[in-house]
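Heads up: the structure comes next, in structure tokens.
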Amino acid sequence: MELNSIEDVNALDEYQKLKQIERIEKQLHRLSYVPAIFCAGMIIWIFVFTWLAASWTAMYLLPVAIAISSVGYSNVQRTDLLKQLFRLKYGA
Numbered sequence: 026m027e028l029n030s031i032e033d034v035n036a037l038d039e040y041q042k043l044k045q046i047e048r049i050e051k052q053l054h055r056l057s058y059v060p061a062i063f064c065a066g067m068i069i070w071i072f073v074f075t076w077l078a079a080s081w082t083a084m085y086l087l088p089v090a091i092a093i094s095s096v097g098y099s100n101v102q103r104t105d106l107l108k109q110l111f112r113l114k115y116g117a
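So the mapping is simple: my numbering equals the position in the sequence shown, first residue as 1, plus 25.
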């Protein structure tokens with residue numbers, strides 16, 4: 026692609042900015058599923074172990090801790106992506 030004028034450069038810059046906004050919005054959409062997936066997984070996991078009448082030990086708390094940390098980390102990522110999106114859209 027050949028850039029012949031300042032308008033071409035500005036158009037290319039705007040196009041790249043729109044593509045980056047689209048990527049960020051797609052990542053935000055994917056991260057919005059993480060809490061629901063972990064919630065469903067934990068419900069199934071608890072149901073299976075309760076149904077099997079397995080004795081609850083401290084080791085069974087490990088998946089709960091992993092789920093909590095994963096959801097927390099995804100929320101941090103979503104916050105960072107929202108900050109980037111705000112900067113791109115509104116130039117702050």
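Just so it is clear, CB atoms sit at the ideal spot from N, CA and C, and this is done for glycine as well.
If you're wondering where the values come from, they're calculated on a predicted model, not measured in any experiment.
query                                                                                                                                                       : result
Using the rule of at least 16 other Cβ atoms within 10 Å of the residue's Cβ for burial, across every protein chain shown, is residue 72 buried or exposed? : exposed
Between residue 95 and residue 74, is the Cβ-Cβ spacing less than 8 Å?                                                                                      : no
Tell me which same chain residues have a C-beta within less than 8 Å of the C-beta of residue 53, skipping the five on either side of it?                   : 103, 106, 107 and 110
Determine, using beta carbons only, whether residue 76 and residue 88 come nearer to each other than 8 Å.                                                   : no
Output yes or no for whether 8 Å exceeds the beta carbon distance between residue 113 and residue 46.                                                       : yes
Can you tell me the Cβ-Cβ gap for residue 99 and residue 56, rounded? I've got them flagged as a contact below 8 Å.                                         : 5 Å
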